[in-house]
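**Q** Chains W and V are the protein sequences, given in the same order.
Residues in the first sequence are numbered consecutively from 1, following my numbering.
Residues in the second sequence are numbered consecutively from 91, following my numbering.
Cβ atoms here follow ideal geometry from the backbone N, Cα and C, with glycine treated the same way.
If you scroll down you'll find the structure; I have some questions about it.
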Amino acid sequence: MKNDRDDFIKKAFKSLDEGSKPSQKQKQEMLDRLLIQAQIEETAGLGRYRNLVTNYPWRFGFGVSAIQAVLFTLMFGANYTNFVLQLLGR
Amino acid sequence: MEIFLEMLNRPVEAFKRRNEKLAWSLVGITILIVTVFDVMMNDLVNGSDYPVEINLLKLLLLAGLGVVTYLGICGMLWGVCKLLGSQTRISVYVKTWGLTYLPTIICGVTVVLVEVYFTLFWNNSIWGFILNILFVGILIWKTILYVVFLKEVAGLEGKKLMIAFVLCGIGILILAFLNVRLGLKTPIL
């Protein structure tokens with residue numbers, strides 16, 4: 001009788017212990033997150049400039065676009081500002 | 091909202107997370123804008139002067155063409171990258187490429203609005219300047235997402251990445267040309 005009770009308690013502790021461990025899928029997710037984080041935190045050398053572009057790509061795109069718009073408008077004037085509209089208005 | 095912001099600001103993480111619901115939603119929204127929103131805006135704004143004939147069959151065909159284009163570009167990306175040694179399955183491309191459609195959506199909305207209110211924008215230097223920044227910005231943004239996609243999803247690097255960029259770029263240009271010729275003003279790419 002006592003043995004049965006001990007077994008039951010042992011099993012209960014074992015299941016509690018197993019339940020608190022991460023599953024294979026959870027382990028994989030944790031690893032993925034760590035790898036992503038490591039990649040993001042790559043701040044040395046070229047990686048820093050790469051991150052500047054790949055994080056917030058819209059900001060980089062519109063930033064460069066604004067610079068080219070100013071430069072080419074200064075060079076070619078109103079012809080350049082109407083360039084896109086001409087393409088759409090065909 | 092968090093997933094959406096992740097796609098906007100940290101595409102590398104978004105590609106790794108592979109949220110297919112978000113990807114396919116973005117593709118669906120793009121198709122709706124190029125088909126339904128375009129006809130709707132034309133009818134609302136210019137309908138009284140130039141009645142717009144709403145042809146449901148044509149709209150459905152265009153939407154179908156949009157879906158075919160999406161599958162086509164995924165297949166093309168997969169084929170080229172596989173030839174260059176990528177191990178990524180085609181299903182991953184179908185589940186992930188749609189995450190690059192945020193700039194396409196903005197482009198689609200802008201194209202519709204510029205066409206509908208063309209007289210308002212035409213020969214106006216300030217609007218021309220703003221639209222120039224917008225369209226070139228969208229092009230650069232999409233190109234960045236395209237390169238990040240080839241690197242992170244297809245797993246290509248160095249020379250292989252460059253070759254894939256050029257080959258897929260040619261494919262994208264051909265698909266874009268076909269889309270525009272067949273009536274999709276903003277290519278579903």
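(1) What is the DSSP secondary structure of residue 75 of chain W, reduced to helix, strand or coil?
(2) For residue 6 of chain W, does the three-state DSSP call read helix, strand or coil?
(3) With a 10 Å radius around its C-beta and 16 neighbouring C-beta atoms as the bar for buried, classify residue 78 of chain W as buried or exposed.
(4) Beta-carbon separation of residue 125 of chain V and residue 149 of chain V under 8 angstroms?
(5) By DSSP, does residue 47 of chain W sit in helix, in strand, or in coil?
(6) Just how far apart, CA to CA, sit residue 91 of chain V and residue 4 of chain W?
(7) Determine, for residue 94 of chain W, whether the minimum Cβ-Cβ distance to residues of chain V falls below 8 angstroms.
(8) Is the number of C-beta pairs between the segment 166-176 of chain V and the segment 201-211 of chain V that are closer than 8 angstroms three or more?
(9) Got a sec: which bits of the segment 229-251 of chain V sit with their beta carbon under 7 angstroms from any beta carbon on chain W, in order along the chain?
(10) Using the beta-carbon count (16 or more within 10 Å), is residue 213 of chain V buried or exposed?
(11) With DSSP collapsed to three states, give me the class of residue 103 of chain V.
(12) Give me the Cα-Cα distance between residue 156 of chain V and residue 263 of chain V, rounded to the nearest whole angstrom.
(13) Could you check what DSSP says for residue 90 of chain W in three-state terms: helix, strand or coil?
(14) With 8 angstroms as the threshold, decide whether the Cβ of residue 267 of chain V is near any Cβ in chain W.
(15) May I ask you to report which of helix, strand or coil DSSP gives residue 14 of chain W?
(16) Can you confirm whether the segment 66-73 of chain W touches the segment 232-252 of chain V when touching is taken to mean that 3 or more C-beta pairs between the two stretches lie within less than 8 angstroms?
(17) Grab me the residues of residue 104 of chain V's own chain with a C-beta within less than 7 angstroms of its C-beta, minus the 5 sequence neighbours each way, in chain order.
(18) Can residue 249 of chain V and residue 193 of chain V be called in contact, C-beta distance under 8 angstroms?
**A** Taking the coordinates as given:
(1) Here residue 75 of chain W carries a helix assignment [DSSP, helix/strand/coil].
(2) Helix at residue 6 of chain W.
(3) Here residue 78 of chain W is exposed: its Cβ has fewer than 16 other Cβ atoms, across all protein chains shown, within 10 Å.
(4) Pairing residue 125 of chain V with residue 149 of chain V gives a Cβ-Cβ distance under 8 angstroms.
(5) When DSSP states are grouped into helix, strand and coil, residue 47 of chain W belongs to the helix group.
(6) Cα-Cα distance, rounded: 53 angstroms.
(7) Residue 94 of chain W lies beyond the stretch modelled for chain W, which goes from 1 to 90, so this question has no answer here.
(8) Flag = no, the segment 166-176 of chain V and the segment 201-211 of chain V do not touch.
(9) Residues of the segment 229-251 of chain V with a C-beta atom less than 7 angstroms from some C-beta of chain W are 230, 231, 234, 235 and 238, listed in chain order.
(10) That one is exposed.
(11) DSSP places residue 103 of chain V in helix when its eight states are reduced to three.
(12) Computed Cα separation, rounded: 15 angstroms.
(13) With a pLDDT of 47 at residue 90 of chain W, under the threshold of 50, the modelled position of that residue is not reliable, and the figure given next carries that caveat. DSSP places residue 90 of chain W in coil when its eight states are reduced to three.
(14) Residue-level contact check: residue 267 of chain V does not touch chain W, since none of the beta carbons of chain W fall below 8 angstroms from its beta carbon.
(15) The answer is helix: DSSP assigns residue 14 of chain W an H, G or I state.
(16) In short, these stretches do not touch, since the Cβ pair count stays below three.
(17) Closer than 7 angstroms at the Cβ level, and outside the excluded window around residue 104 of chain V, lie 96, 97 and 189.
(18) It is not a contact, given that the beta carbons lie outside the stated cut-off.
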